[in-house]
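A.B. asks: Got a structure for you, written out below as structure tokens; questions coming shortly.
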Ligand code: HEM
């Protein structure tokens with residue numbers, strides 16, 4: 372049953388992005404609607420999967436690369452749904468749906484068995500630390516997706532200035548949200564490390580890459596204060612920052628051993 | 318701000334280098350891994366980037382820059398806030414609206430629960446004025462975090478000590494850490510590694526008995542005690558058969574137990590298990606799991622100048638020169654990490670963390686709104702006005718009356 376839910380969500384997200392591309396290619400609204408329903412179905416299946424996994428494991432399903440990957444994809448999907456419902460950002464789907472699918476596919480490649488939480492992870496800080504990371508990374512990824520749409524729109528000669536500004540601002544708001552949450556990740560991580568290992572900061576590669584990501588987005592926030600930097604430059608910035616976020620999430624664990632190697 | 322950003326960039330680059338090159342290893346490690354390049358790595362201090370003079374200097378410059386370019390300018394922010402409304406009231410309209418546009422505008426501002434004040438014949442809508450201090454708080458908290466963070470990483474003393482259950486560790490200042498008991502598994506057989514501790518401070522104050530385990534240290538006074546590791550030690554009860562006097566010893570290193578300094582037993586080691594072949598020969602095994610399923614004591618009996626190696630099992634008793642040595646079940650004991658931090662330091666650091674989150678929240682989610690609404694138009698004033706300006710432009714897109722040439726000319730004056 373668990374596998375059905377997980378792979379069901381993977382298939383539905385894949386179907387959603389295929390339908391979305393078909394809708395864009397053939398300019399058919401009905402296909403876009405089906406893409407959306409398929410995406411919502413995939414999101415619902417993933418939500419049920421994560422809840423069921425949490426109930427079986429008696430903890431939040433956030434404790435290894437698989438669980439974090441699945442939760443990360445869920446975070447991207449949830450944010451896309453909120454943006455579509457609140458801001459009518461349908462235009463974001465074609466870029467954000469593939470990202471949610473890619474992250475979930477990465478999760479699918481990881482071992483899925485439910486393991487007992489290692490003692491160092493049994494902490495109240497665990498939920499705050501990793502929960503904020505899920506939403507922070509999701510917000511950064513979506514900011515990058517908005518950046519892609521911005522660059523696609525700005526190339527058109529009849530591009531609507533207001534629409535471009537809205538996209539640029541949305542991207543900024545997503546970075547702001549991601550930045551606030553990343554700060555929570557780093558600070559709760561420091562408090563937790565002091566509770567578990569006696570030191571707030573050990574320059575562990577995962578800590579260092581979280582700091583690098585934080586600095587990168589701090590630079591973005593400051594550059595954007597200067598009106599001279601055009602929306603196009605800022606859009607490139609948020610796009611180029613996405614691989615850094617993904618590296619902090621995936622690369623550090625696989626390439627740089629440290630205290631976070633299990634997470 | 319440009320200099321500040323350059324410094325931030327340098328810190329970012331140093332961090333990348335420090336995460337790619339393993340830090341704090343021995344010279345031989347770099348020589349093997351980086352071959353002829355290792356000389357440059359050591360010369361440039363890339364084997365310890367984060368404690369090197371370069372990184373420290375750049376970080377210190379960033380703190381100075383932050384102080385001068387942002388924190389010390391708080392006066393300007395406060396002053397601007399005081400006069401902001403007067404200035405807004407006399408601003409010319411940015412946009413002229415249709416009657417429906419005006420209705421939409423007022424409706425939207427009221428829906429946002431803005432405060433409304435009439436001034437010089439115009440209406441001012443404002444809210445979230447306090448949000449302007451968000452950036453100041455963020456920068457101040459970053460500065461405090463760096464200062465208290467450096468202090469919290471360098472001032473505390475950390476020592477690792479082991480202690481047998483029933484005994485106490487005495488620290489330099491006279492503080493005593495009592496280990497009442499230790500267990501590896503809880504009552505349901507789950508791995509738990511918990512010690513029951515209490516701390517007595519030099520002034521006599523005593524903490525409650527508290528169980529510590531990973532993630533749950535005991536804090537008392539300026540001490541924090543962590544459950545770090547554990548070990549297993551031998552336990553031997555020694556009884557003088559003549560007087561009946563008895564004492565129990567817990568041992569984890571080579572030791573002689575003797576009444577006269579000659580006859581007795583030398584404790585050599587405790588093994589977690591053994592294998593016994595058909596001929597009755599023993600092979601002692603060292604555990605990799607940490608479990609002592611079939612413990613065996615290896616001792617040397619010393620009697621009248623002769624030494625005889627003996628294997629003993631829990632429950633065995635050896636009698637040597639009028640003394641009985643009873644071998645008990647092994648004792649598990651904790652390895653503790655004891656951290657002594659100057660009072661209040663952690664609290665100050667955590668307060669800086671809280672301030673940073675609050676500052677970011679104010680910066681991003683309490684952006685100030687100040688809109689001047691006249692009879693047929695409006696202007697957005699105040700700081701950080703991009704969001705509200707954009708929202709209003711979106712809402713009122715179809716309701717803007719193109720400026721007449723005269724108005725445009727007047728505005729440009
Ligand atoms: C780790 C370092 C830093 C972080 C995390 C940081 C963070 C921030 C944040 C979050 C904002 C608000 C941005 C917004 O509302 O969009 C901001 C604004 C600003 N920062 Fe920084 N900052 C840092 C270092 C610096 C430095 C070194 C300087 C100056 C040399 C500086 C100068 C400014 C200025 C002038 C503003 C605009 C203030 C305003 O418009 O309210 N920051 N910073």
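Residue numbers (the working numbering), protein chains in the order written: chain A, 372 to 634; chain B, 318 to 730. A virtual CB, placed ideally from N, CA and C, is assigned to each residue, including glycine.
Are residue 406 of chain B and residue 449 of chain B touching if we call contact CB-CB under 8 Å?
C.D. replies: no
A.B. asks: Classify residue 651 of chain B as buried or exposed, calling it buried when 16 or more other Cβ atoms lie within 10 Å of its own Cβ.
C.D. replies: The residue is buried, with at least 16 neighbouring Cβ atoms inside 10 Å.
A.B. asks: Residue 562 of chain B by DSSP, collapsed to three states: which one?
C.D. replies: coil
A.B. asks: Judging by CA-CA distance, which residue of B:704, B:446, B:366, B:430 is the nearest neighbour of residue 400 of chain B?
C.D. replies: B:446
A.B. asks: Could you tell me whether any non-hydrogen atom of the ligand HEM is closer than 7 Å to the CB of residue 318 of chain B?
C.D. replies: Because some heavy atom of the ligand HEM lies under 7 Å away, the Cβ of residue 318 of chain B counts as near it: yes.
A.B. asks: Whose C-beta lies closer than 8 Å to the C-beta of residue 392 of chain A among residues of the same chain, with five residues either side of it excluded?
C.D. replies: 465
A.B. asks: Whether or not the segment 402 to 417 of chain B and the segment 353 to 362 of chain B are in contact is what I'm after, with contact meaning three or more pairs of Cβ atoms, one per stretch, closer than 8 Å; do they touch?
C.D. replies: no
A.B. asks: Go ahead and pull the three-state DSSP assignment for residue 534 of chain A.
C.D. replies: helix
A.B. asks: State the CB to CB distance for the pair residue 703 of chain B and residue 540 of chain A, rounded to an integer number of angstroms; the pair is presumed to be in contact (CB under 8 Å).
C.D. replies: 7 Å
A.B. asks: So, at 7 Å on beta carbons, what are the nonlocal neighbours of residue 593 of chain B in its own chain, with the 5 sequence-adjacent residues on each side left out?
C.D. replies: Taken in chain order, the residues that qualify are 599.
A.B. asks: For residue 654 of chain B, would you say it is in contact with chain A, using Cβ-to-Cβ distances shorter than 8 Å as the test?
C.D. replies: yes
A.B. asks: I want to see whether chain B comes within less than 8 Å of residue 632 of chain A, judged by CB atoms only; does it?
C.D. replies: Summary for residue 632 of chain A: the model assigns pLDDT 48, below 50, so the residue's position carries little reliability, and this model does not support an answer.
A.B. asks: Relative to the alpha-carbon of residue 489 of chain A, which residue among B:530, B:494, B:430, B:350 has its alpha-carbon at the smallest distance?
C.D. replies: B:530
A.B. asks: So, using beta-carbon positions, are residue 475 of chain B and residue 569 of chain A closer together than 8 Å?
C.D. replies: In this structure, residue 475 of chain B places its C-beta atom within 8 Å of the C-beta atom of residue 569 of chain A.
A.B. asks: Which of the residues in the segment 361 to 385 of chain B, read from start to end, lie with their CB under 7 Å from any CB of chain A?
C.D. replies: Those residues of the segment 361 to 385 of chain B that come within reach of chain A (Cβ to Cβ, closer than 7 Å) are 367.
A.B. asks: What residues in its chain sit with their C-beta under 8 Å from that of residue 503 of chain A, if we drop five residues either side in the sequence?
C.D. replies: 552, 553, 555, 556, 559
A.B. asks: Does the segment 542 to 549 of chain B come close enough to the segment 636 to 654 of chain B that 3 or more CB-CB pairs lie under 8 Å?
C.D. replies: yes
A.B. asks: Within this structure, are the beta carbons of residue 648 of chain B and residue 553 of chain B separated by less than 8 Å?
C.D. replies: no
A.B. asks: Applying the criterion that 16 or more other CB atoms from any shown protein chain within 10 Å of the CB defines a buried residue, is residue 426 of chain A buried or exposed?
C.D. replies: Classification of residue 426 of chain A: exposed, given that the 10 Å Cβ count is below 16.
A.B. asks: Determine whether the Cβ of residue 711 of chain B lies closer than 8 Å to any Cβ atom of chain A.
C.D. replies: Yes, because at least one Cβ of chain A sits closer than 8 Å to the Cβ of residue 711 of chain B.
A.B. asks: Verify the contact flag: residue 383 of chain B, CB atom, against every heavy atom of the ligand HEM, threshold strictly below 7 Å.
C.D. replies: At a cut-off of 7 Å, the beta-carbon of residue 383 of chain B counts as near the ligand HEM: some heavy atom of the ligand is closer than that.
A.B. asks: For chain B, find out if any of its Cβ atoms is closer than 8 Å to the Cβ of residue 554 of chain A; answer yes or no.
C.D. replies: yes
A.B. asks: Indicate whether residue 566 of chain A and residue 496 of chain A have their beta-carbon atoms separated by less than 8 Å.
C.D. replies: Yes, the Cβ-Cβ distance between residue 566 of chain A and residue 496 of chain A is below 8 Å.
A.B. asks: Which term fits residue 486 of chain A, buried or exposed, when burial requires 16 or more other beta carbons within 10 angstroms of its beta carbon?
C.D. replies: Taking all protein chains in view, the Cβ of residue 486 of chain A is surrounded by fewer than 16 other Cβ atoms within 10 Å, so the residue is classified as exposed.
A.B. asks: Please classify residue 422 of chain A as buried or exposed, where buried requires at least 16 other C-beta atoms within 10 Å of its C-beta.
C.D. replies: exposed
A.B. asks: Sorry if obvious, but does the Cβ on residue 525 of chain B come closer than 7 Å to a heavy atom of the ligand HEM?
C.D. replies: no
A.B. asks: Give the straight-line distance between the Cα atoms of residue 449 of chain A and residue 586 of chain B, rounded to the nearest whole angstrom.
C.D. replies: 59 Å
A.B. asks: For the pair the segment 637 to 648 of chain B and the segment 570 to 579 of chain B, tell me if three or more CB-CB distances fall below 8 Å.
C.D. replies: yes
A.B. asks: Chain A partners of residue 703 of chain B, CB-CB under 7 Å?
C.D. replies: 540
A.B. asks: Applying the criterion that 16 or more other CB atoms from any shown protein chain within 10 Å of the CB defines a buried residue, is residue 507 of chain A buried or exposed?
C.D. replies: buried
A.B. asks: Grouping DSSP H, G and I as helix and E and B as strand, with all else coil, what is residue 485 of chain A?
C.D. replies: Shown here, residue 485 of chain A sits in coil according to DSSP, grouped into three states, outside any helix or strand.
A.B. asks: If you follow the beta strand (DSSP E) that residue 600 of chain A is in, where does it begin and where does it stop?
C.D. replies: It is not in any beta strand (DSSP E) - residue 600 of chain A carries neither H nor E in the DSSP assignment.
A.B. asks: Under a three-way DSSP split, which group does residue 608 of chain B fall into?
C.D. replies: coil
A.B. asks: From residue 596 of chain A to residue 382 of chain B, what does the alpha carbon distance come to, in whole angstroms?
C.D. replies: 17 Å
A.B. asks: Going by DSSP, what residue range makes up the alpha helix (DSSP H) through residue 401 of chain A?
C.D. replies: Element bounds for residue 401 of chain A: 400 to 428.
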